[in-house]
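2 protein chains.
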Amino acid sequence: MEIQKRKGEMIKCFSGEYGKTIGRIKSVGQELLESAQSKIDNKTKPLGALGKLENLAVQMSLIQNDLNPKLNGKAMFVFAGDHGITEEGVSAFPSEVTAQMVNNFLAGGAAINVLCRHNEIDIQVVDMGVVYEFDDHPKLLQRKVRKGTRNFAMEEAMTRSEMVEAIQNGMNVFLSGYDSAQIDIVGVGEMGIGNTTSASAIISIVTGISPKKATGRGTGIDDTCLEQKARVIENALKFHKPDSSDGFDILRKVGGFEIAGIVGTVLAAASTRCAIVLDGMISTAAGLLAYLINPEIKGYLISGHKSVEIAQKAALEYMGLEPVVDFEMRLGEGTGAALTIDIVDAACRIMREMASFDEAGVAEKK
Amino acid sequence: MEIQKRKGEMIKCFSGEYGKTIGRIKSVGQELLESAQSKIDNKTKPLGALGKLENLAVQMSLIQNDLNPKLNGKAMFVFAGDHGITEEGVSAFPSEVTAQMVNNFLAGGAAINVLCRHNEIDIQVVDMGVVYEFDDHPKLLQRKVRKGTRNFAMEEAMTRSEMVEAIQNGMNVFLSGYDSAQIDIVGVGEMGIGNTTSASAIISIVTGISPKKATGRGTGIDDTCLEQKARVIENALKFHKPDSSDGFDILRKVGGFEIAGIVGTVLAAASTRCAIVLDGMISTAAGLLAYLINPEIKGYLISGHKSVEIAQKAALEYMGLEPVVDFEMRLGEGTGAALTIDIVDAACRIMREMASFDEAGVAEKK
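Top line first, the protein sequences correspond to chains A and B. With this note's numbering applied, the first sequence covers 101 to 466. With this note's numbering applied, the second sequence covers 101 to 466.
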């Protein structure tokens with residue numbers, strides 16, 4: 101009750117349309133559940149034999165409120181931001197890599213570019229808070245809130261108004277995309293040296309798993325660095341005492357600008373009944389915050405892939421989601437989501453194109 | 101030694117070019133292993149962060165002996181055949197469904213059609229031994245050896261000359277396809293009511309797991325039918341005493357014509373250095389027999405997906421293969437392979453198109 105009230109007050113901080121966006125989200129309707137399940141059950145195959153593809157086919161039917169779901173517009177937003185927490189020596193790569201990788205995204209040379217080309221997904225890169233001045237580029241959306249978050253070992257990662265601006269920017273990039281071209285599915289990726297520390301902290305707070313358990317090797321840190329990372333998170337949680345049920349409070353204290361951008365896009369996408377594919381641990385941590393802010397987004401969420409990072413599993417279990425693919429990946433950027441978007445596309449085609457026992461004249465089970 | 105001799109004699113039964121095909125198979129060359137691994141390691145990502153995609157990228161480089169592997173021709177052969185063993189009441193669907201499903205494949209309405217269209221894979225259906233006379237159809241290759249195998253609970257499933265003919269037919273469909281258009285990757289699917297019984301028997305014989313353990317629910321049989329199926333297999337193994345190291349002996353005694361077709365295509369594909377994607381339990385059982393006949397095929401094999409059937413796991417472990425996707429599917433037809441072919445395609449693009457740290461000007465790990 102108290103929390104709901106506080107959340108309500110927080111939402112009032114958002115300007116006009118953005119505040120309304122959060123309120124406009126409605127749970128995925130269940131009206132077609134029975135007919136969608138019956139449609140997939142009557143396809144020419146043993147009951148349930150297409151496994152996860154069947155679940156995705158039914159979920160997409162409900163999201164689109166249509167027994168012939170279709171992916172026309174497929175979008176990927178890759179949010180980038182730097183992290184003050186890197187001062188604590190928590191990452192295997194130097195901070196400069198965030199900007200360098202953004203330039204790699206813009207040049208089309210990163211893994212996410214290759215996978216988006218392969219699956220015909222429109223990619224946009226969003227600078228939410230990189231410590232670098234980028235030139236204009238057709239694939240770059242300049243939404244910088246600040247050059248990097250503050251070091252959350254010492255102070256809150258961002259101010260309240262910075263957080264509101266970052267979430268709004270995240271909503272804005274999706275909603276402008278939505279205006280210009282119908283997006284039926286959106287993948288949310290990220291780049292930000294230091295952001296697994298932020299994501300581990302978020303997941304530890306929300307799910308209650310210990311900071312030590314929530315801490316993984318990120319881009320590949322050694323044992324000493326791993327211990328340091330867990331200690332940094334543990335101390336930060338003691339220092340900030342974030343409210344484990346308040347997504348805004350957690351985001352502001354230990355989050356990142358790219359994470360806030362994902363939160364905004366997830367909320368905006370759900371408000372327009374668009375399917376959302378989360379990626380690895382950071383993207384999932386952001387999805388978790390959006391879920392805390394408005395649990396009605398759940399039916400729109402698809403977990404793109406199982407990350408090697410253990411904390412991701414805790415976050416998915418908290419939301420009751422199961423990852424679609426498990427390729428032992430731990431790259432982020434949206435790479436797992438990009439692969440899964442194509443699987444969702446295949447599942448929609450199964451729902452639309454596959455013949456039923458009746459249509460094909462095939463005998464059913466004895 | 102004795103087995104090698106017997107195998108050699110068996111291979112002599114194949115006519116001219118077919119006999120040579122088996123002998124022509126050479127293990128995948130390892131010359132490029134170091135440079136392929138180094139190429140993928142230097143892409144702009146943490147070491148190993150693309151997980152299974154990296155393994156596939158390296159494997160495809162070795163198969164094609166090219167650091168820029170590419171899938172031009174993508175083919176799927178779906179082999180169909182009926183099984184005398186269905187007389188023993190081992191399946192949930194009536195035998196007629198084999199022919200009905202072949203017609204469904206030809207009409208483009210089955211799951212495998214949808215997934216092949218989605219991933220732009222050329223599909224051909226091969227009648228190896230269906231109890232039905234099909235009209236000519238551009239997508240149907242008529243290679244019927246006999247209308248169904250004999251009931252292997254009572255006698256050997258096929259004669260030696262039928263088996264040789266069936267394997268040759270399987271080689272032939274691949275080799276003629278190979279002549280007309282370069283195939284870089286081939287998926288091997290199947291349809292045949294009763295064929296999980298055959299596949300369970302094969303896997304039990306080769307891997308040594310008990311018939312009971314090797315027996316699954318196939319298209320969805322109940323507990324009574326499951327017990328009956330396991331008993332049928334157990335009795336058949338006692339009766340036939342197949343030689344667990346002789347693929348030909350096992351195939352003849354408890355196999356199927358569609359299984360023999362897959363064996364032939366796998367051997368022919370390996371002889372032309374083509375990547376082979378196995379599908380579910382039946383396809384994997386056929387791959388296992390081809391592997392017994394000539395273990396040098398191993399480097400060309402990719403396990404398309406993890407089946408719900410436990411026996412498949414035993415077969416994969418025997419060959420040292422790990423499945424690419426796990427969507428809890430149990431349909432066969434080649435559906436898991438069709439999904440994985442696109443993942444292999446993505447992995448090849450990663451190898452070709454993704455920038456290295458040097459090319460992108462990205463700093464490496466500290």
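We put the beta carbon where it would ideally sit given N, CA and C, even for glycine.
For F177 of chain A, the pairing in a beta bridge is given by DSSP as A:Q224, A:V288.
Annotated as proximal: D284 of chain A and C374 of chain A, with beta-carbon spacing under 9 Å. Within 9 Å of the CB of A192 of chain A, the CB atoms of chain B belong to P146, K465, K466, in sequence order along the chain.
Setting aside the 5 residues that flank it on each side, K174 of chain B is surrounded in the same chain by I221, I285, I441, each with a C-beta closer than 6 Å to its C-beta; the list follows chain order. Minimum Cα-Cα distance from S298 of chain A among the listed residues A:G248, A:E134, A:S276, A:M429 corresponds to A:G248. A straight-line Cα-Cα distance of about 18 Å links G208 of chain A and P146 of chain B.
For D426 of chain A, the secondary structure class from DSSP, reduced to helix, strand or coil, is strand.
Per DSSP, the unbroken alpha helix (DSSP H) holding G347 of chain A starts and ends at 347-354. Burial check for S371 of chain A: the Cβ neighbour count within 10 Å reaches 16 or more, so the residue is buried. A residue is called buried when at least 16 other Cβ atoms come within 10 angstroms of its Cβ; G404 of chain A meets this threshold and is buried. Exposure of Q130 of chain A is indicated by the presence of fewer than 16 other C-beta atoms within 10 angstroms of its C-beta. Only Q200, M201, N203, N204, A207, G208, G209, A210, A211, N213, V214, L215 from the stretch 199-216 of chain B bring a Cβ to less than 9 Å from some Cβ of chain A. In summary, E109 of chain A is exposed, with fewer than 16 beta-carbon neighbours lying within 10 Å of its beta-carbon over all protein chains present. Taking a C-beta cut-off of 7 Å against chain B, the contacting residues of the stretch 148-175 of chain A are A149, L150, G151, K152, L153, listed in chain order. Contact check for V288 of chain B and S383 of chain B: beta-carbon distance about 5 Å, within the 8 Å limit, so the pair qualifies.
Residues of chain A with a Cβ closer than 7 Å to the Cβ of E453 of chain B are, in chain order, V214. DSSP, read as helix, strand or coil, puts S456 of chain B in strand. Nearest to D458 of chain B by C-alpha distance, out of B:S115, B:V128, B:I140, is B:I140. Chain-ordered, the chain A residues with CB closer than 7 Å to the CB of I450 of chain B read A211, V214.
Along the stretch 404-438 of chain A, the positions whose C-beta sits under 8 Å from a C-beta of chain B are V408, V424, V425, D426, F427, E428, M429, R430, L431, T435, read in chain order.
Here the stretch 312-331 of chain B does not lie against the stretch 343-351 of chain B, with fewer than 3 beta-carbon pairs under 8 Å apart. In the DSSP assignment, A375 of chain B is bridged to B:I285. Contacts between A460 of chain B and chain A, judged by CB atoms closer than 9 Å, involve Q200, M201, N203, N204, A207, G209, A210 in chain order. If you look at L150 of chain A, you'll find it isn't in any beta strand (DSSP E); DSSP assigns it neither H nor E. Listed in chain order, the non-local C-beta contacts of I302 of chain A below 7 Å within the same chain comprise I350, V354, G355, A385, L388, L389, local neighbours out to five positions each way being set aside. By the criterion of at least three beta-carbon pairs nearer than 8 Å, the stretch 429-439 of chain B is in contact with the stretch 146-155 of chain A. Apart from the 5 residues on each side of it in sequence, M254 of chain B has no Cβ closer than 7 Å to any other Cβ in its chain. Counting along the chain, no alpha helix (DSSP H) covers S127 of chain B, and no H or E run does either.
Taking M291 of chain B as reference, the option from B:D235, B:N204, B:Y391 with the minimal CA-CA separation is B:N204.
Listed in chain order, the alpha helix (DSSP H) elements of length 4 or more contained wholly in the stretch 318-350 of chain B are 323-340. For H218 of chain A, the enclosing alpha helix (DSSP H) covers residues 211-218.
When the beta-carbon positions are compared, M258 of chain A and V273 of chain A stay at least 9 Å from each other. Within the DSSP secondary-structure output, S383 of chain A pairs in no beta bridge. Residue pairing by DSSP places Q137 of chain A opposite no residue, since no beta bridge is assigned to it.
In its chain, beyond the 5 residues on either side, M176, C216 have a beta carbon closer than 6 Å to the beta carbon of I223 of chain A. Residue contact check for A446 of chain A against chain B: a CB pair falls below 9 Å.
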